[in-house]
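Notes for the one structure printed next.
2 protein chains.
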Amino acid sequence: MTIATVPRIKFLKEPTCPAWVELALNNLDEILLDHSHCEKKAAGVALNMMFRYPAATELIKQLTAIAKEELEHFELVNQWLERKNIPLAPLNAPPYGGKLRKLIRGQEPERLLDSLLISALIEARSHERLGLIGEHCPEPELATFYRGLMASEARHYGAYWVLATTYYDVEKVNTRLDELAIAESEILSNLHPEPRIHS
Amino acid sequence: MTIATVPRIKFLKEPTCPAWVELALNNLDEILLDHSHCEKKAAGVALNMMFRYPAATELIKQLTAIAKEELEHFELVNQWLERKNIPLAPLNAPPYGGKLRKLIRGQEPERLLDSLLISALIEARSHERLGLIGEHCPEPELATFYRGLMASEARHYGAYWVLATTYYDVEKVNTRLDELAIAESEILSNLHPEPRIHS
Numbered sequence: 001m002t003i004a005t006v007p008r009i010k011f012l013k014e015p016t017c018p019a020w021v022e023l024a025l026n027n028l029d030e031i032l033l034d035h036s037h038c039e040k041k042a043a044g045v046a047l048n049m050m051f052r053y054p055a056a057t058e059l060i061k062q063l064t065a066i067a068k069e070e071l072e073h074f075e076l077v078n079q080w081l082e083r084k085n086i087p088l089a090p091l092n093a094p095p096y097g098g099k100l101r102k103l104i105r106g107q108e109p110e111r112l113l114d115s116l117l118i119s120a121l122i123e124a125r126s127h128e129r130l131g132l133i134g135e136h137c138p139e140p141e142l143a144t145f146y147r148g149l150m151a152s153e154a155r156h157y158g159a160y161w162v163l164a165t166t167y168y169d170v171e172k173v174n175t176r177l178d179e180l181a182i183a184e185s186e187i188l189s190n191l192h193p194e195p196r197i198h199s
Numbered sequence: 200m201t202i203a204t205v206p207r208i209k210f211l212k213e214p215t216c217p218a219w220v221e222l223a224l225n226n227l228d229e230i231l232l233d234h235s236h237c238e239k240k241a242a243g244v245a246l247n248m249m250f251r252y253p254a255a256t257e258l259i260k261q262l263t264a265i266a267k268e269e270l271e272h273f274e275l276v277n278q279w280l281e282r283k284n285i286p287l288a289p290l291n292a293p294p295y296g297g298k299l300r301k302l303i304r305g306q307e308p309e310r311l312l313d314s315l316l317i318s319a320l321i322e323a324r325s326h327e328r329l330g331l332i333g334e335h336c337p338e339p340e341l342a343t344f345y346r347g348l349m350a351s352e353a354r355h356y357g358a359y360w361v362l363a364t365t366y367y368d369v370e371k372v373n374t375r376l377d378e379l380a381i382a383e384s385e386i387l388s389n390l391h392p393e394p395r396i397h398s
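Residue numbers (my numbering), protein chains in the order written: chain E, 1 to 199; chain V, 200 to 398.
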């Protein structure tokens, strides 16, 4: 299979390698199950931040909307799993999320800034990769589903960046985003052998 | 103020004492803020169970719906806070939730059973108390809001009980529910002096 082009997504330093697209398309069932876990984890991350910053009105407002939407996507992906007779099951995570979260500095105000930007990068990468599945998936209905999801995922990474600029100077935000984006692409430069959204 | 009657709610051993109603109505702003935290916590509890039991299809399905609804209620309560110029803020929790969670046995299969039934009881008590606010609140619009919420909260405690009977024998469920319900009423028998939904 030849993947001609991988569109560039704002925030990301390096586009996804064609080898990931092949790995994903050759293992769509496992990718769907992993995607389900990703949506649940994304809702969990948003909710955890809502607990950590209970007085941050704008953050609470935006993250509530994001958590709700992630749960809706989780439901939709689970409907696909049911339709394909893929049972819900635990699945070991690739190193991506853990490695990124280690880059979050422990003290405030850095902790919130890094948390928001790591979430922005994860959402941007998900947006890119769900889009790649939507573009190349051989099952037309599933492809349509992924293209639909991709559109609303796009709002999330923008929302996390806007939140960062709500609480921090825009120059500080973009400098740190640049550093974290380099690390994010570096983490993905060795393709994780298991088929995952963030292999 | 005289509170004539407190309606009895299924599952609960003892109805809420009239002193709680007075405490709540005399401190509506603080109750609204506490209610916001309760909705967020309820979403968090549902999501935590979804992480702990990733292969339990029916549980995942029901809890996703509950978590989404709790987040919707959280948004609605926060809109009331905004309207009343009450800023979001942390608030220390009454001992209720912590004491109940200590009753959850640590080993499976008891852990899941107890977790579901404790959630059922908390939802049943919330349903009762939101209903009392809806009935006695002197602000008509806020009273209407609480009566509306109460209706959908009622579904939650039923859903938790049905989930328990999905995974456990109904007699075992009801025996344990009886034990936990006695403890729940006992915990509330000394009114916590701070105005909270679960004082």
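Here a beta-carbon is modelled for each residue, glycine too, at the ideal position from N, C-alpha and C.
Neighbour flag for residue i against chain V, beta carbons, 8 Å
i        : result
E:PRO109 : no
E:GLU75  : yes
E:LEU88  : yes
E:ALA4   : Residue confidence for E:ALA4 is low, a pLDDT of 43 falling below 50, so the modelled location carries little weight; the figure read from the coordinates is stated next. Closer than 8 Å: no.
E:ALA43  : yes
E:PRO54  : yes
E:LYS84  : no
E:ALA159 : no
E:ILE60  : yes
E:LYS68  : yes
E:ASN92  : no
E:LEU71  : yes
E:ASN78  : yes
E:THR175 : no
E:THR16  : no
Sub-8 Å separation of residue i and residue j beta-carbons
i        : j        : result
V:GLY232 : V:ALA288 : According to the sequence shown, residue 232 of chain V is Leu rather than Gly. Yes. Within cutoff.
V:GLY322 : V:TYR345 : A quick correction: the sequence has Glu, not Gly, at residue 322 of chain V. Their beta carbons are not under 8 Å apart, which means V:GLU322 does not touch V:TYR345 by this criterion.
E:ILE197 : E:CYS38  : yes
E:GLU186 : E:LEU100 : no
V:LEU302 : V:LEU379 : yes
E:SER202 : E:LEU81  : Any answer about residue 202 of chain E is impossible in this case: the structure gives chain E only from 1 up to 199.
V:LYS239 : E:PHE51  : yes
E:PRO195 : E:LEU23  : yes
E:HIS73  : E:LEU121 : no
E:PRO94  : V:ALA254 : no
V:SER173 : V:TRP219 : This structure does not reach residue 173 of chain V, given that chain V is present from 200 up to 398, and the question cannot be answered.
Element boundaries [alpha helix (DSSP H), containing residue i]
i        : result
E:ILE66  : 57-83
E:ARG129 : 110-136
V:ILE230 : 227-251
V:LYS371 : 369-387
V:SER351 : 339-366
V:LEU222 : 217-224
E:LYS13  : Taken as a continuous stretch (DSSP letters only), E:LYS13 belongs to no alpha helix (DSSP H), as it is neither H nor E.
V:LEU302 : Premise fails: V:LEU302 is in no alpha helix (DSSP H) and is neither H nor E.
Contacts of residue i in chain C (Cβ-Cβ under 7 Å)
i        : result
V:MET249 : As a matter of chain content, chain C is missing from the structure shown, whose protein chains are E and V.
Residue i at chain E interface by Cβ criterion, 8 Å
i        : result
V:THR364 : no
V:GLU385 : no
V:ILE230 : no
V:LYS298 : no
V:LEU246 : yes
V:ILE208 : no
V:THR187 : Past the boundaries of the shown model lies residue 187 of chain V; chain V is included only from 200 to 398, so the question cannot be answered.
- Query: How about the segment 43-55 of chain E and the segment 126-144 of chain E: do they share at least three Cβ pairs that are nearer than 8 Å?
  - Reply: Fewer than three pairs of CB atoms, one per stretch, sit closer than 8 Å, so the segment 43-55 of chain E makes no contact with the segment 126-144 of chain E.
- Would you call the segment 358-366 of chain V and the segment 254-266 of chain V in contact, with 3 or more CB pairs under 8 Å? yes
- Message: So, does the segment 76-89 of chain E touch the segment 292-311 of chain V, judging by three or more C-beta pairs under 8 Å?
- Response: Touching, no.
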